[in-house]
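K.L.:
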Amino acid sequence: MAYSKEVIDHYENPRNVGSMDKADPNVGTGLVGAPACGDVMKLQLKIDDEGVIEDAKFKTFGCGSAIASSSLVTEWVKGKSVDEAMTISNGDIAEELSLPPVKIHCSVLAEDAIKAAIQDFRDKQEGKTE
Amino acid sequence: MVQTPIYFDNHATTPLDPRVLEAMMPYLTNTFGNSASRNHSFGWAAEDAVEKAREEVASLLGAHPKEIIWTSGATESDNLAIKGIAHFYQERGKHIITSKIEHKAVIDACRALEVDGFEVTYLTPGRDGLISVDQVEAAMRDDTILVSLMHVNNELGVINPIKEIGALTRERKVFFHCDAVQSIGRLPFDVNELNVDLVAISGHKLYGPKGVGALYVRRKPRVRLAPIIHGGGHERGFRSGTLNVPGIVGFGKACALAEAEMHEEDKRVAALRDRLHKKITDALPEVYLNGSQEHRVSGNLNISFAYVEGESLLMAINKDVAVSSGSACTSASLEPSYVLRALGVGDELAHSSIRFGLGRFSTEEEVDYVANLVIDAVTRLRDMSPLWKLVQEGVDLNTVQWTGH
Chain A
1 MAYSKEVIDH YENPRNVGSM DKADPNVGTG LVGAPACGDV MKLQLKIDDE
51 GVIEDAKFKT FGCGSAIASS SLVTEWVKGK SVDEAMTISN GDIAEELSLP
101 PVKIHCSVLA EDAIKAAIQD FRDKQEGKTE
Chain B
131 MVQTPIYFDN HATTPLDPRV LEAMMPYLTN TFGNSASRNH SFGWAAEDAV
181 EKAREEVASL LGAHPKEIIW TSGATESDNL AIKGIAHFYQ ERGKHIITSK
231 IEHKAVIDAC RALEVDGFEV TYLTPGRDGL ISVDQVEAAM RDDTILVSLM
281 HVNNELGVIN PIKEIGALTR ERKVFFHCDA VQSIGRLPFD VNELNVDLVA
331 ISGHKLYGPK GVGALYVRRK PRVRLAPIIH GGGHERGFRS GTLNVPGIVG
381 FGKACALAEA EMHEEDKRVA ALRDRLHKKI TDALPEVYLN GSQEHRVSGN
431 LNISFAYVEG ESLLMAINKD VAVSSGSACT SASLEPSYVL RALGVGDELA
481 HSSIRFGLGR FSTEEEVDYV ANLVIDAVTR LRDMSPLWKL VQEGVDLNTV
531 QWTGH
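Top line first, the protein sequences correspond to chains A and B.
Here this note's numbering is used: the first residue of the first sequence is 1, the next is one more, and so on.
Here this note's numbering is used: the first residue of the second sequence is 131, the next is one more, and so on.
Given below as structure tokens:
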């Protein structure tokens, strides 16, 4: 299968690989996918008190397209508000990376990872205010 | 300095041996006759070449030349054997035994027969990838007409106990078809010692040309087949169609070379394969061999790199080395290898598997280069893998609530 140059670029030079402290109340962690399906993404977002995403890190087990999708979303979410980040759709990701139809699920997973990370952050914040 | 890309996918196909090409050249140029032309020298020259090749192929199998039928390749040979037996002997019975890890040419031919009212038992191999004679015996019924099992599996390189199974099928008077595509030219093979009735083989898996194969059809006791391709009655009516003379000549030459050199080559390739395996496992933890280590052909190394997805590993290395993966992402179906699944290898490890196929032209320099390439890529991808990190933290991945999709 031929990969788009965008996928190859993100795969060869992945942005923002790494981890943050899960216990930090300002860090939301999303872990989506399953090893048996061949892809697992962990996306972590550091969100300031204004609800702006300061930093993003990922780790991904998966094919080149899954790695590229997660790398791309870490770039996209940085500097965005949580609400803006929630609007990123798998279609945007698939289009940017020129993913073929069989790889669309990689972009879906990346969208799910953003939503899961933000949900985790919100759960933590609610727990804090109670 | 090694030349890249390196070819370590010799199960998929092999390069043409230059000596094979040399043997073929006259038949691609001046000696172009149709071997069925019985009344002029062009035809006679072609026929002589075809019959010499038939002897060469037969010799490698321990067969009589008249037992060799030319085909377009092993897929056709498998189809002719299985459908040919089924349709000719259906009055005797309609039950066939095969396995879940056969080549698709066998499995799909059997599936097609199921539509026609045949019943097929698909045996599940052991964790080592092997089918035992006891399994075959237990599956036998009064109406069983055919057992079809491969000699060497194309993904795992594991070697089935064909001789033991052949003794059983002979005793029970059940036909035995063996897909020997991956073993011919790599392992000694004798149709009488193994008691096989039909054998499918292919030219391009043993340094011969593509587009040519053969089916061995036993004469004593006689095996009859209903043909699937009808026409001019070539190949004793088993397979009509003008013969691919240059391909057949090349196939014959490839078999003659294999017969002469197989023993030495096997030792050399096994040493290279073991070197590759050792280098990788010395440097990386959690690398698992798929299939039996003991019963395995020399050129095959099928290993899973835990916590690294196979396609992403291929992407890291495939500019420099050609290998294949059991990962779903390398198949059109998004399913991981059906062979690894049938063995009970978990889906996680099936997704992480890589098949290295070494061969006649592989070198020690290539092995060292590929080992280093793989070690670097796996290390990089594990650093990027959330699973690897969880495992390092002491988390049992089976206790994590995954969101399957």
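Here a beta-carbon is modelled for each residue, glycine too, at the ideal position from N, C-alpha and C.
Within 10 Å of its beta-carbon, does valine 277(B) have 16 or more other beta-carbons around it, so buried, or fewer, so exposed?
P.N.:
buried
K.L.:
For a contact defined as C-beta to C-beta under 8 Å, what are the partners of glutamate 439(B) on chain A?
P.N.:
Gly38, Asp39, Phe61, Gly62, Cys63, Ala66
K.L.:
Taking Cβ positions only, does lysine 408(B) come closer than 8 Å to chain A?
P.N.:
no
K.L.:
Can you tell me where the alpha helix (DSSP H) holding histidine 217(B) begins and where it ends?
P.N.:
Per DSSP, histidine 217(B) belongs to the alpha helix (DSSP H) from 204 to 218.
K.L.:
DSSP three-state call for glycine 30(A): helix, strand or coil?
P.N.:
strand
K.L.:
Looking at the strands, I want to know which residues DSSP matches up with methionine 41(A).
P.N.:
As DSSP reads the structure, methionine 41(A) sits in a beta bridge with Val32(A), Thr60(A).
K.L.:
Quick one: is phenylalanine 381(B) buried, meaning 16 or more other Cβ sit within 10 Å of its Cβ, or exposed?
P.N.:
buried
K.L.:
Just the Cα atoms here: how many angstroms apart are arginine 352(B) and proline 35(A)?
P.N.:
Cα to Cα, the separation comes out at about 52 Å.
K.L.:
Can you list, in chain order, the residues of its chain with a C-beta nearer than 7 Å to that of valine 500(B)? Leave out the 5 residues immediately preceding and following it.
P.N.:
Ile136, Phe138, Leu406, Val451
K.L.:
Give me the chain B residues within the contact set of proline 14(A), using Cβ-Cβ distance strictly less than 9 Å, ordered along the chain.
P.N.:
Within chain B, the residues near proline 14(A) are Met514.
K.L.:
Tell me the residue span of the alpha helix (DSSP H) that contains glycine 487(B).
P.N.:
Judged by DSSP secondary structure, glycine 487(B) falls outside any alpha helix (DSSP H) and instead within the beta strand (DSSP E) spanning 483 to 487.
K.L.:
Just how far apart, CA to CA, sit alanine 507(B) and lysine 103(A)?
P.N.:
Cα to Cα, alanine 507(B) sits roughly 22 Å from lysine 103(A).
K.L.:
Please specify which runs of the beta strand (DSSP E), each continuous and at least 3 residues long, are wholly inside the segment 444 to 529 of chain B, giving them in chain order.
P.N.:
483 to 487, all fully within the segment 444 to 529 of chain B.
K.L.:
Using only alpha-carbon positions, find the residue among Gly333(B), Leu402(B), Asp513(B) that is nearest to threonine 206(B).
P.N.:
A small correction: the amino acid at residue 206(B) is glutamate; threonine does not occupy that position in the sequence shown. Closest by alpha carbon: Gly333(B).
K.L.:
With a threshold of 7 Å on Cβ separation, who are the neighbours of arginine 426(B) within its own chain once the five nearest residues in sequence on each side are excluded?
P.N.:
Gly287, Val288, Ile289
K.L.:
Nearest CA to the CA of alanine 204(B): which residue from Glu395(B), Phe491(B), Met280(B)?
P.N.:
Closest option to alanine 204(B), Cα to Cα, is Met280(B).
K.L.:
Who are the Cβ neighbours of serine 81(A) in its own chain at under 7 Å, not counting the five residues just before and after it?
P.N.:
These residues qualify, in order along the chain: Gly51, Val52.
K.L.:
What number of angstroms, rounded off, separates the C-alpha of glycine 434(B) from the C-alpha of threonine 161(B)?
P.N.:
Here the sequence assigns serine to residue 434(B), which means glycine is not the residue at that position. Cα to Cα, serine 434(B) sits roughly 49 Å from threonine 161(B).
K.L.:
So valine 329(B) is in the alpha helix (DSSP H); what residue range does that whole segment cover?
P.N.:
Per DSSP, valine 329(B) belongs to no alpha helix (DSSP H); it is in the beta strand (DSSP E), 328 to 332.
K.L.:
Excluding the five sequence neighbours on either side, which residues of its own chain have a C-beta within less than 8 Å of the C-beta of threonine 509(B), listed in chain order?
P.N.:
Counting only Cβ-Cβ distances below 8 Å, and skipping sequence neighbours, we find Leu414.
K.L.:
Where does the unbroken beta strand (DSSP E) through asparagine 140(B) begin, and where does it stop?
P.N.:
In the DSSP assignment, asparagine 140(B) falls outside any beta strand (DSSP E), carrying neither H nor E.
K.L.:
Considering Cα atoms alone, identify which of Lys449(B), Leu387(B), Tyr468(B) is closest to alanine 183(B).
P.N.:
Leu387(B)
K.L.:
Taking the straight line between their C-alpha atoms, what separation do you get for alanine 153(B) and serine 370(B)?
P.N.:
25 Å
K.L.:
So with CB distances below 9 Å, who are the chain A contacts of lysine 519(B)?
P.N.:
Ser19, Lys42, Lys59
K.L.:
Just the Cα atoms here: how many angstroms apart are tryptophan 76(A) and arginine 512(B)?
P.N.:
24 Å
K.L.:
With 7 Å as the C-beta to C-beta threshold (strictly closer), list the residues of the segment 481 to 511 of chain B near chain A in chain order.
P.N.:
Against chain A - using a Cβ distance shorter than 7 Å - the residues of the segment 481 to 511 of chain B are His481.
K.L.:
Please give me, in chain order, every unbroken run of the beta strand (DSSP E) with length at least 3 that falls completely inside the segment 232 to 319 of chain B.
P.N.:
249 to 253, 274 to 280, 305 to 309
K.L.:
So alanine 330(B) and leucine 345(B) are supposed to be a Cβ contact under 8 Å. How far apart are they, rounded?
P.N.:
6 Å
K.L.:
In terms of residues, what are the limits of the alpha helix (DSSP H) holding valine 187(B)?
P.N.:
171 to 191
K.L.:
Would you give the residue range spanned by the beta strand (DSSP E) that tyrosine 346(B) belongs to?
P.N.:
343 to 347
K.L.:
Could you pull the DSSP bridge partners for tryptophan 532(B) from this structure?
P.N.:
According to DSSP, which records beta bridges pairwise, tryptophan 532(B) is partnered with nothing at all.
K.L.:
Helix, strand or coil for tyrosine 418(B) per DSSP?
P.N.:
Note: tyrosine 418(B) maps to strand in three-state DSSP.
K.L.:
Do you know offhand how far arginine 15(A)'s Cα is from histidine 105(A)'s?
P.N.:
20 Å
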